[in-house]
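Enquirer: Please see the structure below; I have some questions.
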Amino acid sequence: MRRLSDFEGAWDITREITDFSGGPNAHLTGRCDFVAEGAGLTQTEVGTLQVMGSSTALKAERRYRWQAQGDEIAVFFDDGRFFHAFDPRGEEAQAEHDCPPDRYEVRYTFGVGELTAWTVEWRVRGPRKDYLSVTHFSRAVAHGV
């Protein structure tokens, strides 16, 4: 059974952002670390965002807090506000977050067996937002010196 501690550690990430409202698409590559802190994990993501059609790459960074709540994992924004919760025990999990006037729908895909790779898909809709963000996580390989 998958649990919070299965996410702990370093992950390589790639993200494709498809903008359906006519704006530019984007691609991110980076790293995501889940570090044990107190009774949960702190998720820190750092990467390079390349917006299609632009020659300038941007640094992207964000943090969340993950905590076990019964069989579910609750995800909080860095400032402590609740974001969403999901059940990690199956091959897939879904959740939603309303941030009026926008709606965020997420699908986690874990597969079967040991957690070595997983995917998060966010579908976001609102008056000024209409995009799909797909992030692939794979266990980071330690590089020797």
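Under this note's numbering, the first residue of the sequence shown carries the number 42, and numbering increases by one thereafter.
We put the CB at the ideal spot given by N, CA and C, even for glycine.
Give me the Cα-Cα distance between G94 and F61, rounded to the nearest whole angstrom.
Expert: As a first step, residue 94 is located in the sequence shown; it is residue number 53 there, counting from the start. As a first step, residue 61 is located in the sequence shown; it is residue number 20 there, counting from the start. Whole-angstrom Cα-Cα distance: 16 Å.
Enquirer: Looking at G50 and L69, is the spacing between their C-beta atoms short of 8 Å?
Expert: Mapped onto the sequence shown, residue 69 falls at position 28. Mapped onto the sequence shown, residue 50 falls at position 9. In this structure, G50 does not lie closer than 8 Å to L69 by Cβ.
Enquirer: Can you tell me the Cα-Cα spacing of V165 and V182, whole angstroms?
Expert: The residue you call residue 165 lines up with position 124 of the sequence shown. The residue you call residue 182 lines up with position 141 of the sequence shown. Taking the straight line from one Cα to the other gives about 32 Å.
Enquirer: Bridge partners of R144, per DSSP?
Expert: Stepping through the sequence shown from its first residue, residue 144 is reached at position 103. Per DSSP, D139, R166.
Enquirer: Going by alpha carbons, who is nearest to G81 out of H125, F123, L45?
Expert: Locating residue 81 in the sequence shown gives position 40, counting from the first residue. Measuring from the Cα of G81, the nearest candidate turns out to be L45.
Enquirer: Check whether the Cβ atoms of W52 and R180 sit closer than 8 Å, and answer yes or no.
Expert: For the purposes of this step, residue 52 is taken as residue 11 along the sequence shown, with counting starting at 1. For the purposes of this step, residue 180 is taken as residue 139 along the sequence shown, with counting starting at 1. In this structure, R180 lies closer than 8 Å to W52 by Cβ.
Enquirer: Measure the C-alpha to C-alpha separation of T150 and S96 and round it to an integer number of angstroms.
Expert: Locating residue 150 in the sequence shown gives position 109, where the first residue counts as 1. Locating residue 96 in the sequence shown gives position 55, where the first residue counts as 1. Rounded to whole angstroms, T150 to S96 spans 32 Å at the Cα level.
Enquirer: Taking all protein chains shown into account, decide if E137 is buried (16 or more other Cβ within 10 angstroms of its Cβ) or exposed.
Expert: Position 96 of the sequence shown holds residue 137. Classification for E137: exposed.
Enquirer: Do A115 and Q108 come within 8 Å of each other at the CB atom, strictly closer than that value?
Expert: Residue mapping note: residue 108 aligns to position 67 of the sequence shown, counting from 1. Residue mapping note: residue 115 aligns to position 74 of the sequence shown, counting from 1. It is a contact, given that the beta carbons lie within the stated cut-off.
Enquirer: Please classify V153: is it buried, with 16 or more other beta-carbons within 10 angstroms of its beta-carbon, or exposed?
Expert: For this step, residue 153 is matched to residue 112 along the sequence shown. Exposed.
Enquirer: Sorted by chain position, which residues of the same chain lie with C-beta nearer than 6 Å to V7's C-beta, five sequence neighbours on each side aside?
Expert: The structure shown does not extend to residue 7, since the chain spans only 42 to 186, so no value can be given for it.
Enquirer: Taking all protein chains shown into account, decide if E155 is buried (16 or more other Cβ within 10 angstroms of its Cβ) or exposed.
Expert: Taking the sequence shown and counting its residues from 1, the one referred to as residue 155 is at position 114. E155 is exposed by the Cβ-count criterion.
Enquirer: Give every residue of the same chain whose Cβ lies closer than 6 Å to the Cβ of E146, excluding the five residues on either side of it in the sequence, and list them in chain order.
Expert: The sequence position of residue 146 within the sequence shown is 105, counting from 1. Excluding sequence neighbours, E146 sits near E137, R164.
Enquirer: Considering Cα atoms alone, identify which of R122, F124, E57 is closest to L173.
Expert: Taking the sequence shown and counting its residues from 1, one reaches residue 173 at position 132. Here the closest residue by C-alpha is E57.
Enquirer: Bridge partners for L69 per DSSP, in chain order?
Expert: In the sequence shown, the residue the question calls residue 69 occupies position 28. L69 pairs with R56, L90.
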